[in-house]
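Q:
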Amino acid sequence: MSPMTRRKLIAGGVVAAAGVSGLGAADRIARRYGLIPPDHGGLYGPGETLTYAAQRLLTRHTLAREFPRSMISKTPFANETAPPGDAFKRSLTLAFTDWRLTVDGLVEHPLSLSLSDLRSLPTHNQITEVVCEEGWSYVAEWIGTPLTSVLNLARPLPQVRYIAYFSIQPDWWESIDMADALHPQTFLTLGMNDGDLPVGFGGPLRLRLPRQLGYKSLKYVTRLTATDTMKPFGKGLGSSEPENGYAWYAGI
Amino acid sequence: MPAPAGPHRPEPLRHSALVRVTHWLTFAAFVALLVTGGEIVISHPRFYWGETGNDLTRPLFSLHIPASRDMVPTGYGYTLPDQNGWSRYLHFEAAWVLVFTALVYGIWGLVTGHFRRNLLPEAGTRTPRAYGERIAKYLRRAPADAGEARSYNVLQRTAYLGVIFILFPLIIATGLALSPSFNSVFPALVDGLGGRQSARTLHFFVTLLLVLFLVVHVAMVALGGFRSRMRAMIAGRSSARSRAAAAATASVPAASSAVLSEERP
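Protein sequence lines correspond, in order, to chains P and C. For this note's numbering, add 54 to where a residue sits in the first sequence, where the first one is 1. For this note's numbering, add 3 to where a residue sits in the second sequence, where the first one is 1.
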């Protein structure tokens, strides 16, 4: 072995060792600051973790673009959903007067709120874009109460890291981290373009967050759960979407 | 090209190790991005201009292909299998590979002068006349100049610089402008591109230009001698015979950065 190749080998070994210990340190830091998504495993885990970590470092407090009223789409598109189940149909016949939003999990005050309870909370509006992962989009005005106003009533415990949210439709649920849960544009949405939120667009109650793709904005929400880990929910990947092959974090 | 690799004058390294590794990493990432990008497009093969666009809006243009979602009006009576889940995961993972590779290559190229020396058209050739003459030479299918065996001509340099400094930055920028979260940090990017749907349409057009480059690039490699060019981009040298010579020169602490130009006659 010539001296040059030996030197190269040693240098390579040092670089590799530094790389491995660097990765170890990065992993510890990432865990401490919550930069690892629930679907961090498998072949696509490294890319997904990089994306989520980069976005969390860049976008903890940034606001999604809001648009002037003149840019509200004339033809918003209600994406297809699974046919409504019996629970939804029953509530529909009662004009959703029996609709409840329960708030449970790691909170000081579990809640059960009707739609009129939600309407009595501070109401905000935002003109933001719905962006589907397929590629299409539209702009609409969304009226509702920020998720924080409900969380302020329920008082999540300090160890809470995720808010999971569930649709009345079976096997349809999502979760977001606290950066998104406490974000001022994350709405429990009750109205759209000056009217009630139509069923096709998620009425009577949709959790909307404009900084992520449309599929995170779950339709027909009936339950919020505060939790410190997503492991016990479903397959532990954070929402029903990763179980269907889609990323948990959809801010891209 | 058959390089004269005699015992006294070993064939010089044509591509440095860094160029070869980043070339193939870029190729792998590009193929993954192209295939998965195609899968994502077929879930909505319609393109718009401006901020918004959907099934109920008139498209700028549509691809006349069936879609993988049944709500999209395509004119076809059937729906393709939906592959968006893994395609999206892989698309963004490959994008990270591309970005990291581009960073390493870009910084290395600037620091070592690779771009200035090997890719910037040489002084005296930055004239329409020089371009015209080289194009005419290609059209006549004239043999390459002696110097072109080890150095790129003005058209090659321009094409590579265009891909490296215009098309790749554009494909990354138009891709980032499709991220609603990224747009909350730098809204000027998506607004500057003319809105979200314009950014998506531009992302598609830049992809077409990159595919055009790929096709021409591979065609020129084939015309120039596929085996020797591939060997040069894999092993560093065009001819298999120079392997022994390569081993002999490997112990010389030559900066691998100066590869293409230093040995130019």
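Just so you know, even glycine gets a beta-carbon here, dropped at the ideal spot from N, CA and C.
For the alpha helix (DSSP H) that Gln159/C lies in, which residues bound it at each end?
A: For the purposes of this step, residue 159/C is taken as the residue at position 156 of the second sequence. DSSP places Gln159/C in the uninterrupted alpha helix (DSSP H) bounded by 157–165.
Q: Is Pro210/P helix, strand or coil when you go by DSSP?
A: Translated into the one-based positions of the first sequence, residue 210/P becomes position 156. In the three-state reduction of the DSSP assignment, Pro210/P falls in the strand class.
Q: Using the Cα positions of Val224/C and Gln159/C, report the straight-line distance between them to the nearest angstrom.
A: Counting from one through the second sequence, the residue named residue 224/C turns up at place 221. Counting from one through the second sequence, the residue named residue 159/C turns up at place 156. Computed Cα separation, rounded: 12 Å.
Q: How long is the line joining the alpha carbons of Phe229/C and Ala72/P, rounded to whole angstroms?
A: Counting from one through the second sequence, the residue named residue 229/C turns up at place 226. Counting from one through the first sequence, the residue named residue 72/P turns up at place 18. Using only the alpha carbons, I get a separation of about 39 Å.
Q: Strictly under 8 Å for the Cβ-Cβ distance: is Glu54/C near chain P by that measure?
A: The residue labelled residue 54/C in the question sits at position 51 within the second sequence. True, the Cβ-Cβ gap to chain P drops below 8 Å.
Q: Which residues in the same chain have their Cβ closer than 8 Å to the Cβ of Leu236/P, if we skip the five residues on either side of it in sequence?
A: Along the first sequence, read from residue 1 onward, the residue named residue 236/P stands at position 182. So the list reads Leu201, Thr202, Leu205, once near-sequence residues are dropped.
Q: Can you check whether the CB of Asp225/P is closer than 8 Å to the CB of Ser294/P?
A: Translated into the one-based positions of the first sequence, residue 294/P becomes position 240. Translated into the one-based positions of the first sequence, residue 225/P becomes position 171. For Ser294/P and Asp225/P, yes; Cβs fall inside 8 Å.
Q: In chain P, which residues lie with their C-beta within 7 Å of the C-beta of Gln200/C?
A: Numbered from 1 along the second sequence, position 197 holds the residue referred to as residue 200/C. In chain order: Ser191.
Q: Anything in the stretch 49–82 of chain C with a Cβ closer than 7 Å to a Cβ of chain P? List those residues in chain order, please.
A: Glu54, Thr55, Gly56, Asn57, Asp58, Leu59, Thr60, Arg72, Met74
Q: Within 10 angstroms of its Cβ, does Ala70/C collect 16 or more other Cβ (buried), or is it exposed?
A: Locating residue 70/C in the second sequence gives position 67, counting from the first residue. Around the Cβ of Ala70/C, a 10 Å sphere holds 16 or more other Cβ atoms; the residue is buried.
Q: Can you give me the Cβ contacts of Gly292/P inside the same chain, cut-off strictly under 7 Å, excluding the 5 residues immediately before and after it?
A: What you label residue 292/P is simply residue 238 of the first sequence in a count that begins at 1. Excluding sequence neighbours, Gly292/P sits near Pro91, Pro92, Asp93, Ser229, Met284, Trp302.
Q: Below 8 Å on the Cβ atoms is my guess for Tyr300/P versus Tyr269/P; work out the distance and round it to an integer in Å.
A: In the first sequence, residue 300/P corresponds to position 246, counting from 1. In the first sequence, residue 269/P corresponds to position 215, counting from 1. With a beta-carbon spacing of about 7 Å, Tyr300/P and Tyr269/P fall inside the 8 Å limit used to define contacts.
Q: Cβ closer than 8 Å: which chain P residues qualify as neighbours of His117/C?
A: Within the second sequence, residue 117/C is the residue found at index 114, counting from 1. Under the 8 Å cutoff, chain P gives no residues; its nearest Cβ is about 21 Å from His117/C.
Q: Of all the CB atoms in chain C, is at least one closer than 8 Å to the CB of Thr105/P?
A: Residue 105/P sits at position 51 when you count from the first residue of the first sequence. At least one chain C Cβ lies under 8 Å of Thr105/P.
Q: For Lys289/P, which residues in the same chain have their Cβ closer than 8 Å to its Cβ, ignoring the five residues on either side in sequence?
A: Here the question's residue 289/P lines up with position 235 in the first sequence. So the qualifying residues of the chain are Pro296, Glu297.
Q: For Ile311/P, decide whether its Cβ has a neighbour in chain C, counting only Cβ atoms nearer than 8 Å.
A: There is no way to answer for residue 311/P, as the model of chain P reaches only from 55 to 306.
Q: Go through its chain and collect everything with a Cβ distance to Leu215/C's Cβ below 8 Å, but skip five positions before and after it.
A: Within the second sequence, numbered from 1, the residue matching residue 215/C stands at position 212. Close CB contacts of Leu215/C within its chain, under the 8 Å cut and outside five residues either way in sequence, are absent.
Q: Please classify Thr103/P as buried or exposed, where buried requires at least 16 neighbouring CB atoms within 10 angstroms.
A: Translated into the one-based positions of the first sequence, residue 103/P becomes position 49. Buried.
Q: Among Leu259/P, Val68/P, Thr135/P, Gln223/P, whose alpha-carbon lies nearest the alpha-carbon of Phe142/P?
A: As a first step, residue 142/P must be located in the first sequence, where it is residue number 88. Phe142/P has its Cα closest to that of Gln223/P, out of Leu259/P, Val68/P, Thr135/P, Gln223/P.
Q: Give a yes or no on whether the minimum CB-CB distance between Ser184/C and chain P is below 8 Å.
A: As a working note, residue 184/C is residue 181 in the second sequence. It does: the Cβ of Ser184/C has a partner Cβ on chain P nearer than 8 Å.
Q: So if I threshold CB-CB distances at 7 Å, which residues from the stretch 87–114 of chain C count as touching chain P?
A: So the list reads Asn87, Gly88, Trp89, Arg91, Tyr92, Leu93, Phe95, Glu96, Trp99, given in the order they occur along the chain.
Q: Run through chain P and tell me which residues come within less than 9 Å of Arg160/C, C-beta to C-beta.
A: Sequence index remark: in the second sequence, residue 160/C carries index 157 (1-based). The contacting residues do not exist; Arg160/C stays about 32 Å from chain P at best.
Q: Between the stretch 173–181 of chain C and the stretch 189–207 of chain C, are three or more C-beta pairs nearer than 8 Å?
A: Touching, per the Cβ criterion.
Q: Measuring alpha carbon to alpha carbon, tell me which of Val193/C, Val157/C, Gly150/C ends up nearest Arg132/C.
A: Reading the second sequence from its first residue, position 129 is the one you call residue 132/C. Among Val193/C, Val157/C, Gly150/C, the Cα nearest to that of Arg132/C belongs to Val157/C.
Q: Relative to the C-alpha of Ala308/P, which residue among Glu187/P, Ile126/P, Glu134/P is closest?
A: The requested residue 308/P is not part of the displayed model; chain P covers only 55 to 306.
Q: Could you give the first and the last residue of the continuous alpha helix (DSSP H) run that contains Tyr92/C?
A: Taking the second sequence and counting its residues from 1, the one referred to as residue 92/C is at position 89. From DSSP, the alpha helix (DSSP H) with Tyr92/C extends over 87–115.
Q: Between the Cα of His67/C and the Cα atoms of Phe50/C, Thr60/C, Gly56/C, Leu123/C, which residue gives the shortest distance?
A: In the second sequence, the residue the question calls residue 67/C occupies position 64. The shortest Cα separation from His67/C among Phe50/C, Thr60/C, Gly56/C, Leu123/C belongs to Phe50/C.
Q: Of all Cβ atoms in chain P, is any one closer than 8 Å to the Cβ of Ser241/C?
A: Numbered from its first residue, the second sequence carries residue 241/C at position 238. No, no contact with chain P.
Q: Hey, is Arg23/C's beta-carbon within less than 8 Å of any beta-carbon in chain P?
A: One-based indexing of the second sequence puts residue 23/C at position 20. It does not; no Cβ of chain P falls within 8 Å.
Q: In the DSSP assignment, find the unbroken beta strand (DSSP E) run with Val275/P in it and report its ends.
A: Residue 275/P sits at position 221 when you count from the first residue of the first sequence. Here the beta strand (DSSP E) through Val275/P covers 275–281.
Q: What residues of chain P sit near His47/C, judged by a beta carbon separation below 8 Å?
A: In the second sequence, counting from the first residue as 1, residue 47/C sits at position 44. Within 8 Å Cβ-Cβ: Cys186, Glu188, Gly189, Trp190.
Q: What separation, rounded to the nearest whole angstrom, lies between the Cα atoms of Pro286/P and Ser231/C?
A: Residue mapping note: residue 286/P aligns to position 232 of the first sequence, counting from 1. Residue mapping note: residue 231/C aligns to position 228 of the second sequence, counting from 1. Roughly 57 Å separates the two Cα atoms.
Q: Considering only C-alpha positions, which residue in the set Val69/P, Ala194/P, Asp234/P is nearest to Gly88/P?
A: In the first sequence, the residue the question calls residue 88/P occupies position 34. Considering only alpha carbons, the answer is Asp234/P.
Q: Is the CB-CB distance between Leu164/C and Leu113/C below 8 Å?
A: Start at 1 with the first residue of the second sequence, and residue 164/C comes out as number 161. Start at 1 with the first residue of the second sequence, and residue 113/C comes out as number 110. Inclusion of Leu164/C and Leu113/C in the CB contact set at 8 Å is not warranted, their separation being larger than that value.
Q: When burial is assigned at 16 or more other CB atoms within 10 Å of the CB, is Phe168/C buried or exposed?
A: Locating residue 168/C in the second sequence gives position 165, counting from the first residue. Looking at its Cβ environment, which holds fewer than 16 other Cβ atoms inside 10 Å, Phe168/C is exposed.
Q: Select from the stretch 124–137 of chain P all residues with a C-beta closer than 9 Å to any C-beta belonging to chain C, and list them in chain order.
A: Within the stretch 124–137 of chain P, the residues whose Cβ lies closer than 9 Å to some Cβ of chain C are Met125, Ser127, Lys128, Thr129, Pro130, Phe131, Asn133, Glu134, listed in chain order.
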